[in-house]
Amino acid sequence: MTREPVNIGPSDPLVRFDNVRKSFRTARGRRQQALDGFSMSIPRGSIVGLLGPNGSGKTTALKTLLGLVRPDSGTVHAFGHPLPQDQRHVAGRMGALIEGPAFNASLTGEHNLRLIGELHGAGAAEVSEVLELVGIAHAARRAYSGYSLGMKQRLGVAGALISGPELLVLDEPMNGLDPEAVRDMRELLKRLRDERGMTVVVSSHILAEVELVSDWVTIVRNGRVICDAGISELISRGTEHLVVRLHDTVAEQAVAILERNGHILTRTAGPRGTDELRMAAPQSPASSPDVLKLLTSQDVYPRELLVEAVSLEDIYVAAVRAADAAAEDGSLDRR
Ligand SMILES: Nc1ncnc2c1ncn2[C@@H]1O[C@H](COP(=O)(O)OP(=O)(O)OP(=O)(O)O)[C@@H](O)[C@H]1O
Ligand SMILES: [Mg+2]
């Protein structure tokens, strides 16, 4: 296939959204702003996790990339091509699974893939290969109507892979998968990145899964990106917590001692009759024993003292709160 010359370098992002806006008219005739100045980049050869609450615009953004939604304003580029004008030049380079797979229920999984493969010039060998890759080769000859939810999802991913894409776009691929299948999916995405140099963008609500699989995280809120960074940078940006786990009978006393010494605490129930006191971890790990000394000098003996790593969930919640606070400030300023 001949392609238009593409003037992006190896370090340029594969995809760029710049200030994209898109509104829909709702059934009641009101305008719903789905994308509201949405800007993001997808670095080449990475797995990008797209996170955000329901209705924040994730699916709309991915549909814009695939030419299923036309932006009202702003620009989208993929492989250096402007979209949607050049959609036909890039269509074969992207594979997608958006809002669940759509297959013919009465045909087998294999037959369904053959039909999609024909559109892309892929034959029986490619069909077998992708069935193997997603782990449903054993069910290839069964009717799609008899597939479990997880098998349907896997076949959907196989359908997205059949054209041998450079960019794989998966909207909530972990939906309905059992824990083992989620792990398989994660391993599959990493293999596609590592062995085939594929770039993957995956939207999800399962923060822990995104954390385990993504190199890059983009958090969307009300149609705009509120956080866009490499996962290791994000994690290192967050604050670790020091957790003091102690018997609930002495928790009250421990709170009083620590607060008197300037610690700001949250108290939650821990496992097996314990309470947990959580505070910002001291900058230096050497300070943790100081907390212990402080408590033991007043006859309060914790069961455990641990440093809790920052999770993507903490970062997500902090980013959403900060965006809400900024929006609130903005609306106050305008009053
Ligand atoms: N075809 C449409 N017609 C009307 N409104 C739409 C349409 N598509 C999306 N929207 C609205 O745009 C907003 C963003 O929707 P979108 O599906 O992109 O969110 P999402 O982040 O994918 O949500 P979810 O996590 O629930 O999948 C929502 O308010 C939604 O109701
Ligand atoms: Mg969605």
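Heads up: the sequence shown begins at 842 in the working numbering, then just goes up one per residue. Ideal Cβ positions, reconstructed from N, Cα and C, are used throughout, including at glycine. Source: prediction; values computed, not measured.
{"Item": "How should residue 963 be labelled, buried or exposed, when 16 other C-beta atoms within 10 angstroms of its C-beta is the threshold for buried?", "Value": "buried"}
{"Item": "For the 8 Å Cβ check, are there 3 or more pairs between the segment 858-866 and the segment 875-892?", "Value": "yes"}
{"Item": "Would you kindly work out how many angstroms separate the C-alpha atoms of residue 888 and residue 937, rounded to a whole number?", "Value": "14 Å"}
{"Item": "Among the candidates 1043, 946 and 1020, whose CA atom is the shortest distance from the CA of residue 991?", "Value": "1020"}
{"Item": "Taking just the CA atoms, how far does residue 1073 sit from residue 1159?", "Value": "16 Å"}
{"Item": "Tell me the start and end of each unbroken beta strand (DSSP E) in the segment 1014-1086 that is at least 3 residues and wholly inside, in chain order.", "Value": "1040-1044, 1057-1062 and 1065-1071"}
{"Item": "Which of helix, strand or coil does DSSP assign to residue 844?", "Value": "With a pLDDT of 47 at residue 844, under the threshold of 50, the modelled position of that residue is not reliable, and the figure given next carries that caveat. Three-state DSSP puts residue 844 in coil, outside helix and strand."}
{"Item": "Please find out if some non-hydrogen atom of ligand 2 comes closer than 7 Å to the beta-carbon of residue 904.", "Value": "no"}
{"Item": "Count the CB pairs spanning the segment 1082-1091 and the segment 1106-1124 that are closer than 8 Å, and state whether there are at least three.", "Value": "yes"}
{"Item": "Find the nearest neighbour of residue 1096 within the set 913, 1133 and 1067, judged by alpha-carbon distance.", "Value": "1133"}
{"Item": "Can you determine whether any heavy atom of ligand 2 sits closer than 7 Å to the C-beta of residue 1012, and answer yes or no?", "Value": "yes"}
{"Item": "Need the endpoints of the alpha helix (DSSP H) that residue 994 sits in, please.", "Value": "990-1002"}
{"Item": "Quick one, what's near ligand 1 if you take every residue whose CB is closer than 6 Å to any heavy atom, in chain order?", "Value": "865, 867, 873, 875, 893, 895, 896, 897, 898, 899, 900 and 901"}
{"Item": "Do you know whose CA, among 1092, 995 and 982, lies nearest residue 975's CA?", "Value": "995"}
{"Item": "Ends of the alpha helix (DSSP H) at residue 867?", "Value": "Where residue 867 is concerned, there is no enclosing alpha helix (DSSP H), given that its DSSP letter is neither H nor E."}
{"Item": "According to DSSP, simplified to helix, strand and coil, what is residue 895?", "Value": "coil"}
{"Item": "How big is the Cα-Cα spacing for residue 1165 and residue 1062?", "Value": "9 Å"}
{"Item": "Go ahead and label residue 906 buried or exposed: buried means 16 or more other beta carbons lie within 10 angstroms of its beta carbon, across all protein chains shown.", "Value": "buried"}
{"Item": "Please classify residue 1109: is it buried, with 16 or more other beta-carbons within 10 angstroms of its beta-carbon, or exposed?", "Value": "exposed"}
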